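Per the working numbering: the sequence shown = residues 67 to 492.
Cβ atoms here follow ideal geometry from the backbone N, Cα and C, with glycine treated the same way.
Bear in mind the structure is a predicted one, so any value in this text is a computation, not a measurement.
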Amino acid sequence: MKPYDIIIIGAGPAGTSAALFLEKLGYRIALLDQARFPRDKVCGEFISPAADAILSELGVLDAIEAVNPIRLKGVALSAYERSWLQVDYPTSIDGVVMTSLSMERSTLDHILLNRVRDSQVEFMEGFKVTDLVFEDSRVCGVKGRDEAKTEFHIKAKVVVDAGGRNSISLRRLGLKRSSADKGKIALAAHWQGVRLPGPYCYMHISRPGYTGIAPVGSSRANVVLVTDKTCVTGKDVEKFYRNTVLKNPLRGEMLGTGEPAEKVRAVDSLAYSVKTPQCGGLILVGDATGFIDPFTGEGIYLSLRSSQLATGVIARAFDRLDFSKSQLENYDRLRSEEFSKKFFLSNTLQRLIYSPALCVRVVKTLAEQKDLARSLVGVIGDYIPASRVVCFEYLLRLSGGILRSQTSFLQAEKGMQTPPVLDRKN
Ligand SMILES: Cc1cc2nc3c(=O)[nH]c(=O)nc-3n(C[C@H](O)[C@H](O)[C@H](O)COP(=O)(O)OP(=O)(O)OC[C@H]3O[C@@H](n4cnc5c(N)ncnc54)[C@H](O)[C@@H]3O)c2cc1C
């Protein structure tokens, strides 16, 4: 096959956005995916407010708006049915309206791919990469098989691996670090006939896990349940999912009028981290760089942003004709500068949600001190820098609030029987 400047493995949000960014700079690009689209993808389908700017730069925001996606006003959270919080995004920041997109992945992926198909990128569906090709310990291409089992071998100056959680680089180079929460499983389905109180992303933490619920159409919602795998082992998954989701009274109220509109889909062993590849010619983007538990639901934004950062570094590598490990490592430095505090926060939140007493108290404190909650939601939504929350002052105020509220909380806890009514204006 003819050589390309850049080969991109995987046509999810990371791969398509990398392809579009790099194509704009004039490079010859091959984008390969083993699947035929539309392909299934388990996802909470809630996209951080900050993603709008990147989607606009990619030239897909108009196409997204044209399908009338749901725009969410904020986040509503409940902890163990004992404390509640609802936070709205600011109406606008620097004149930009703050909302988050909630739309089915098949639609988002389709729009991104349509844009790719309209570009000069060579998109090859049904092309499975089975190995990286090396020259002088630098990646210089890929090989694999197409659907007819015909072998292919393509050369390029740079390979961008956007192959997601099971990407070839992670397996071939042993880059995946074992995960602390190996035992987690996510079960997901779209529900029809539901009545959500408003356009919010609803996170309900309760035993035996948590759910993320987001409206994705009229009376239609995406419901993801994350729990320990052991809870599901040996059980009828459909029954377990439906019963667990509806057992929580808040969820029951929202979803009780509806039904799952499809078979429950599962993905296991959620979080993992990834080591930097020790070779030139290779850059990882999107989920191939690691994955944090979806509680803070920002994988799509991180995928788009990682591709944006990778584009700058790849362009510099072409300018200098230097595709060495040390040149491409600048990308890992940029990612670390931008994301490390955010990952720290996300990991801390993961631990917190599985500690019921503390989680209930933190949510109560955030409900009482809305400015703390707004900062947290802003960091999770990627429109406020993580340093605003991952700092001594914030933690001091949060822990002070927790201590102050502890006495009143213990009293209230005894008397609190019914959940507060969330915003039902919409
Ligand atoms: C339960 C759950 C809930 C989530 N909820 C949210 C949410 O609400 N909001 C959010 O922003 N994010 C969420 N995420 C994360 C989000 O789905 C991912 O971060 C995002 O899909 C990553 O995009 P990607 O392009 O890196 O990978 P993917 O979308 O996984 O795409 C990878 C592509 O690579 C292809 N591929 C893989 N290997 C090869 C190969 N060898 N050869 C050729 N092709 C290959 C695959 O076919 C696939 O199409 C959630 C994830 C999970 C698991």
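As assigned by DSSP and simplified to three states, the class of residue i
i	result
C425	helix
S390	coil
L98	strand
T296	helix
E217	strand
P281	strand
E325	strand
D197	strand
G275	strand
G230	helix
G140	strand
M320	helix
S185	coil
L411	helix
F306	helix
F524	Given that the chain is displayed from residue 67 to residue 492, the structure contains no residue 524 and the question cannot be resolved.
A166	Reading off the sequence, residue 166 comes out as Ser, not Ala. It is a strand residue.
E364	coil
L262	coil
E395	helix
R238	helix
A119	helix
I450	coil
Q374	helix
Same chain, Cβ closer than 6 Å to residue i, neighbours up to 5 away in sequence not counted
i	result
I234	V195
H219	K209
K107	R171
R399	none
P207	The residue you asked about is not Pro; residue 207 is Gly in the sequence shown. If we look at G207 and ignore the five residues flanking it on each side, its Cβ neighbours are V199, I220, K221, A222.
G161	none
D128	none
R261	T323
Cβ-Cβ separation, residue j to residue i (assumed contact under 8 Å), whole Å
i	j	result
H256	E328	6 Å
E395	T342	7 Å
A80	S372	6 Å
L321	F361	The pair is not a contact, with the Cβ atoms about 19 Å apart (cut-off 8 Å).
Q344	F193	That pair is no contact at about 26 Å.
K187	I130	For the record, residue 187 in the displayed sequence is Val; it is not Lys. That belief does not hold up - the Cβ atoms of V187 and I130 are roughly 19 Å apart, past 8 Å.
I136	V333	With 8 Å as the limit, I136 and V333 do not qualify as a contact, their Cβ atoms being about 23 Å apart.
L97	F200	That pair is no contact at about 21 Å.
F103	D175	7 Å
F112	A280	5 Å
Residue i and residue j closer than 7 Å at C-beta
i	j	result
L253	Y307	yes
V330	A228	no
G346	F389	yes
V126	L179	no
G230	D353	yes
I468	R401	no
L138	Y266	yes
K313	P69	no
T82	V182	yes
I120	L370	yes
V163	V443	no
S453	K407	yes
V303	I251	no
C425	L432	no
D359	L336	yes
Proximal residues to residue i (C-beta, below 7 Å), its chain only, five neighbours per side dropped
i	result
K242	L236, Y338, V340
G259	S285, T323, G324, E325
S114	S166, E364, Y367, G447, D448
T277	H270, V289, V290, L291, V311, R317
R238	D197, L198
C109	R171
P422	Y146
Same chain, Cβ closer than 8 Å to residue i, five either side skipped, listed in chain order
i	result
V133	M169, T173, I177
R463	Q435, L438
F410	A452, V456
Determine, using beta-carbon pairs with one atom in the segment 371-382 and one in the segment 74-93, whether at least three such pairs fall under 8 Å. yes
Quick one: any contact between the segment 263-281 and the segment 143-153, if contact means 3 or more CB pairs under 8 Å? yes
Taking 8 Å as the threshold, find out whether the segment 151-165 comes into contact with the segment 435-442 through three or more Cβ pairs. yes
Check whether the segment 447-461 and the segment 383-397 touch, using three or more Cβ-Cβ pairs below 8 Å as the test. no
With three or more beta-carbon pairs closer than 8 Å as the criterion, would you say the segment 213-223 touches the segment 293-303? no
Is the segment 452-465 touching the segment 153-173 in the sense that three or more CB pairs, one from each, lie closer than 8 Å? no
Kindly confirm or deny that the segment 71-78 and the segment 219-227 touch, where touching means at least three C-beta pairs closer than 8 Å. yes
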